[in-house]
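**Q**
Numbering (this note's numbering), first residue to last: 166 to 431.
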């Protein structure tokens, strides 16, 4: 086998991510609630205990470029992240890098803005990059038919409600409708699946807990992080006090990466 086909691009072009549905809900919210009221409600909600809808209200008080980048944050804000780091953060916030893409499409509806930003960031610098590297590493030529120029032109003509329809919570609505003509209904209407692993459960098993524990108490961890805070993250997760798997994984993967390329045995 020399050539393989991949589905990369279908989500970005045809509205496959749940985040685009959120964009529709936020668009309705911002139309109905004046900006000063949204900002005030967000500030008040931020200081309240957890309740259903809290994070929606907080994000509703932000600009689109802020709320959708922060939806992907591992940490709630830079101050929370800073307590784990030995050096003060001086780099830009992630949303500052994406703002220029949102500015380029200010006149478009919110779901379409999100698709535009993803096509210019996440798609080309993450998923396509990884797909190309992994396929080339295995002597395969990977092709992406959904990213054909004609497919892009077609997707640009489809109204956003037929891409990500927040009224029915349906992603890739037009693409699913087209798929129904060729595929079984079960396949065409299948719920989107990512590539999840039971990381939360693994980190509570002694085997993986001890592996991460050794990493969090290593010389590399000591060089960059407040190791007592790392261990609190890990222990709170193991004891069921919190779900810290994303934060733990962020630190652990950095330490492993650093040791591999910059450690004594690199």
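Idealized CB from N, CA, C, for every residue including glycine.
#1: Apart from the five residues just before and just after residue 260, which ones in its own chain have a Cβ nearer than 6 Å to its Cβ?
#2: For the region 359 to 366 against the region 200 to 207, are there 3 or more C-beta pairs whose distance is under 8 Å?
#3: Do the region 303 to 319 and the region 265 to 272 make contact, defined as three or more Cβ pairs closer than 8 Å?
#4: Do residue 179 and residue 344 have their CB atoms nearer than 8 Å?
#5: Which same chain residues end up closer than 7 Å to residue 395 when comparing Cβ atoms and leaving out the 5 residues on each side of it in sequence?
#6: Among the candidates 325, 358, 373, 293, whose CA atom is the shortest distance from the CA of residue 276?
#7: Identify, in the order they occur along the chain, each residue of the same chain with its Cβ nearer than 6 Å to the Cβ of residue 168, setting aside the five sequence neighbours on each side.
#8: Along the chain, where does the beta strand (DSSP E) that runs through residue 306 open and close?
#9: For the candidate residues 377, 185, 293, 193, whose alpha-carbon lies nearest to that of residue 170?
#10: If you measure between the beta carbons of residue 369 and residue 354, is that distance less than 8 Å?
#11: Taking the Cβ atom as the reference point for each residue, do residue 181 and residue 357 lie within a distance shorter than 8 Å?
#12: Less than 8 Å between C-beta atoms, sequence neighbours within five positions excluded: which residues of the same chain meet that for residue 399?
#13: How would you label residue 185, buried or exposed, when you count the other beta carbons within 10 angstroms and need 16 or more for buried?
#14: Can you give the beta carbon distance from residue 282 to residue 174, rounded, assuming they're within the 8 Å contact cut?
#15: Starting from residue 250 and walking both ways along the beta strand (DSSP E), at which residues does that stretch end?
#16: From residue 420 to residue 391, what does the alpha carbon distance come to, in whole angstroms?
#17: If you follow the beta strand (DSSP E) that residue 169 is in, where does it begin and where does it stop?
#18: Please list the terminal residues of the continuous alpha helix (DSSP H) segment that includes residue 318.
#19: Cα separation between residue 251 and residue 388?
#20: Can you name, in chain order, every residue of its own chain whose Cβ lies under 7 Å from the Cβ of residue 274, other than the five neighbours on each side?
#21: Would you mind listing the alpha helix (DSSP H) stretches within the region 340 to 372 that are 4+ residues and don't spill past its ends, in chain order?
#22: For residue 222, count the other beta carbons within 10 Å of its own beta carbon; 16 or more makes it buried, fewer makes it exposed. Which is it?
#23: Comparing alpha-carbon positions, which option in 383, 403, 418, 359 lies nearest residue 429?
#24: Here's the rule I'm using: 16 or more other beta-carbon atoms within 10 Å means buried, otherwise exposed. How should residue 280 be labelled?
**A** Reading it off the structure:
#1: Counted from its first residue, the chain shown places residue 260 at position 95. Excluding residues within five positions, the ones whose Cβ falls inside 6 Å are 230, 231, 234.
#2: no
#3: no
#4: Within the chain shown, residue 179 is the residue found at index 14, counting from 1. Within the chain shown, residue 344 is the residue found at index 179, counting from 1. No, these two residues do not count as a Cβ contact at 8 Å.
#5: What you label residue 395 is simply residue 230 of the chain shown in a count that begins at 1. Within the same chain, residue 395 has close Cβ partners 249, 381, 386, 416.
#6: By 1-based counting over the chain shown, the position of residue 276 is 111. Here the closest residue by C-alpha is 325.
#7: Position 3 of the chain shown, counted from the start, is the residue given in the question as residue 168. Closer than 6 Å at the Cβ level, and outside the excluded window around residue 168, lie 306.
#8: Counting from one through the chain shown, the residue named residue 306 turns up at place 141. Residues 306 to 308.
#9: Here residue 170 refers to the residue found at position 5 of the chain shown. The candidate whose alpha carbon is nearest that of residue 170 is 293.
#10: Position 204 of the chain shown holds residue 369. Position 189 of the chain shown holds residue 354. Not closer than 8 Å, so no.
#11: Reading the chain shown from its first residue, position 16 is the one you call residue 181. Reading the chain shown from its first residue, position 192 is the one you call residue 357. Yes, these two residues count as a Cβ contact at 8 Å.
#12: Here residue 399 corresponds to residue number 234 of the chain shown, with the count starting at 1. Taken in chain order, the residues that qualify are 368, 374, 377, 378, 381, 409, 413.
#13: For this step, residue 185 is matched to residue 20 along the chain shown. That one is buried.
#14: As a working note, residue 282 is residue 117 in the chain shown. As a working note, residue 174 is residue 9 in the chain shown. With a Cβ gap of about 15 Å, residue 282 and residue 174 do not count as contacting.
#15: For the purposes of this step, residue 250 is identified with residue 85 of the chain shown, where counting begins at 1. Note, residue 250: premise wrong, no beta strand (DSSP E); not H, not E.
#16: Here residue 420 refers to the residue found at position 255 when the chain shown is read from its first residue. Here residue 391 refers to the residue found at position 226 when the chain shown is read from its first residue. Distance between the alpha carbons of residue 420 and residue 391 is about 13 Å.
#17: Mapped onto the chain shown, residue 169 falls at position 4. 168 to 170 is the extent of the beta strand (DSSP E) around residue 169.
#18: Taking the chain shown and counting its residues from 1, one reaches residue 318 at position 153. From DSSP, the alpha helix (DSSP H) with residue 318 extends over 314 to 322.
#19: Residue numbering aside, residue 251 sits at position 86 when the chain shown is read from its first letter. Residue numbering aside, residue 388 sits at position 223 when the chain shown is read from its first letter. In a straight line, the C-alpha of residue 251 is about 8 Å away from that of residue 388.
#20: Residue 274 sits at position 109 when you count from the first residue of the chain shown. Cβ neighbours of residue 274 beyond the five flanking positions: 192, 325.
#21: 350 to 353, 364 to 367
#22: The count along the chain shown starts at 1 and reaches residue 222 at position 57. Looking at its Cβ environment, which holds 16 or more other Cβ atoms inside 10 Å, residue 222 is buried.
#23: Mapped onto the chain shown, residue 429 falls at position 264. Closest by alpha carbon: 383.
#24: Here residue 280 refers to the residue found at position 115 of the chain shown. When all chains shown are included, residue 280 counts as buried.
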